[in-house]
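Take a look at the structure set out below.
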Amino acid sequence: MRLFAKLLLLAGVCAAVPLVLLGGAGYWRSQKLALELAGSTERTGAVTGTAGLEALFRESSRFHLEVVERRAQELEEFFEQGRKMVGLQTALVDRALRTPAEAGGPPLHSDGKMAELVKDPAFASKTLRAEPYVVYKVAPGVDADAVRPTLDRLARLGDLYSFWHRETPWLKSLYFGSADGFLVGYPGGTPFPASYDPRKRDWYEKAVEKGRVTWSNIYLDKDRLPVITCAEPLFQDGKLVGVSAADVGLESLLDRLFTLGELPASDALLVNYLGQVRIAAAVQGPGKFQWRSWGPDEAPSVRKFLDGRLAPAFDAAAGGQSGTFAVDGAGRRVSAVASALDGDLLSFSRVFIKTRAGGKHWYYLVRTPIQRVIGPAV
């Protein structure tokens with residue numbers, strides 16, 4: 313195997329193993345917590361009276377907090393692994409551009425040629441998202457012959473692309489947009505519009521403007537499934553070379569983080585350090601929820617969203633890693649659940665989202681009506 317391909321695969325294994333472990337560990341923790349919570353409810357469901365009510369509430373609160381802390385940890389790990397994946401691609405692009413092209417590397421197809429190739433069912437089933445290759449698109453007005461040597465250097469990324477797509481099913485696509493006016497990526501299969509220029513796309517412009525790792529708003533792909541893009545600019549000797557990016561499918565992550573199947577929660581929020589609600593999910597029935605997301609310019613304040621019902625949790629999160637407490641119907645914090653039967657159990661946990669410049673704390677907040685927590689005990 314080619315030396316560069318070996319390096320790519322070794323780096324890919326190092327990056328992908330934590331992602332695989334995260335998915336398995338997250339599922340195991342979810343099932344374990346569900347069983348523990350069910351056992352907790354059974355043990356305390358027969359207790360009556362004020363003392364019994366408080367005991368039930370304390371035990372349920374403890375399990376609520378454990379679930380929320382686990383979810384926050386998974387969320388933090390998700391963003392960190394996405395950042396590492398893009399960072400590794402950036403480093404490998406940097407290395408590839410500094411070394412000569414290798415003979416016998418993965419094939420390099422234009423987006424138009426790839427679209428024709430996948431019309432053959434045999435080719436599509438054997439190659440698409442499976443074999444090493446790289447798809448490229450040259451922007452209008454760019455001389456394809458002039459950028460061909462650079463494309464040849466980047467073709468070796470195909471080994472890493474195929475490995476990552478096999479190992480991380482929620483990875484939609486990996487790509488690099490060059491400042492010279494072309495894009496290389498994987499898996500392809502659908503041609504770009506004739507006018508496509510990566511330098512004019514939001515993910516590219518935002519990363520260049522910020523000069524660091526950035527995350528897009530959540531959006532829907534062509535299959536109407538939620539996706540988020542992570543992007544990072546690449547500079548060589550102080551000059552912009554391009555932007556490395558990945559599109560990551562969020563359907564399974566949102567299901568795990570925001571349905572909160574183990575808890576009778578009604579709302580879950582991801583709030584940034586400024587108190588802006590960036591992702592919100594509202595439970596609409598068993599196993600069903602509706603989510604929304606906002607960019608920083610239009611994100612609502614946690615103090616106004618849902619009439620500010622989760623604002624006390626945000627305030628508490630600013631002063632502590634995690635916690636849970638009860639509020640009455642007016643949003644006032646109370647110590648006795650008997651005085652908050654019309655209120656909510658609020659749970660919170662910090663989420664640290666890293667960038668190369670450091671990072672910021674975001675906050676994962678969950679609201680559960682008290683009546684759902686204590687259930688038939690009242």
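All residue numbers for the sequence shown refer to this note's numbering, where the first residue is 313 and numbers rise by one.
All C-beta atoms in this analysis are idealised placements derived from N, C-alpha and C, irrespective of residue type, glycine included.
- When secondary structure is reduced to three states using DSSP, I665 falls in the strand class.
- Excluding its 5 nearest sequence neighbours in each direction, T502 has C-beta neighbours in its own chain below 7 Å: A427, listed in chain order.
- Secondary structure at A363: helix, using DSSP grouped into helix, strand and coil.
- The segment 676-685 makes contact with the segment 375-384: 3 or more CB pairs, one atom from each, lie closer than 8 Å.
- If the five residues before and after G394 are omitted, its C-beta is found closer than 6 Å to the C-beta atoms of C542 and V560, all from its own chain and listed in chain order.
- Looking at the DSSP output, A557 sits in a beta bridge with Y487 and A543.
- For W515, no pairing in a beta bridge is given by DSSP.
- Here G550 is exposed, its C-beta having fewer than 16 other C-beta atoms within 10 Å.
- Secondary structure at V589: strand, using DSSP grouped into helix, strand and coil.
- It is roughly 6 Å from the alpha-carbon of T526 to the alpha-carbon of E544.
- For the pair D464 and G671, the Cα-to-Cα distance works out to about 35 Å.
- C-alpha of E443 to C-alpha of S578: approximately 44 Å in a straight line.
- By the CB criterion at 7 Å, E388 and V649 fall outside the cutoff.
- Around the C-beta of L537, fewer than 16 other C-beta atoms lie within 10 Å, and the residue is accordingly described as exposed.
- Counting C-beta pairs closer than 8 Å gives fewer than three between the segment 515-525 and the segment 451-463, which falls short of the contact rule.
- Looking at W606, V583 and Q596, the one whose alpha-carbon comes closest to that of A623 is V583.
- With a 10 Å radius around the Cβ and a threshold of 16 neighbouring Cβ atoms, L565 comes out buried.
- Exclusion of the five residues before and after F617 leaves L581, V589 and A592 as the residues of its chain whose Cβ lies within less than 8 Å of its Cβ.
- One thing to note: Y516 has its Cβ no nearer than 7 Å to the Cβ of Y498.
- In the DSSP assignment, D579 is bridged to A594 and R679.
- The residue among A415, G607, L400 and R615 with its C-alpha nearest the C-alpha of G587 is R615.
- Excluding five sequence positions before and after Y487, the CB atoms of its chain that fall closer than 6 Å to its own CB belong to L495, G497 and A557, given in chain order.
- Restricting attention to P608, S659 and P461, the CA atom closest to the CA of A628 is found in S659.
- When DSSP states are grouped into helix, strand and coil, V496 belongs to the strand group.
- In the displayed model, K616 falls within coil according to three-state DSSP, outside both helix and strand.
- For L472, the enclosing alpha helix (DSSP H) covers residues G470 to E479.
- The closest CA to that of Y508, considering only D423, F391, P481 and Q385, is found on D423.
- Spanning the alpha carbons of W603 and S528 requires a straight line of approximately 16 Å.
- The C-alpha of I665 is placed about 37 Å away from the C-alpha of A436.
- Ranked by Cα distance from V595, the first of E371, P681, W476 and M397 is P681.
- Taking 7 Å as the cut-off, the beta carbon of L562 is found no closer than this to the beta carbon of V553.
- Counting of Cβ neighbours within 10 angstroms places Y445 among the buried residues, the total reaching 16 or more.
- When rounded, the separation of the alpha-carbon atoms in F475 and R441 is 9 Å.
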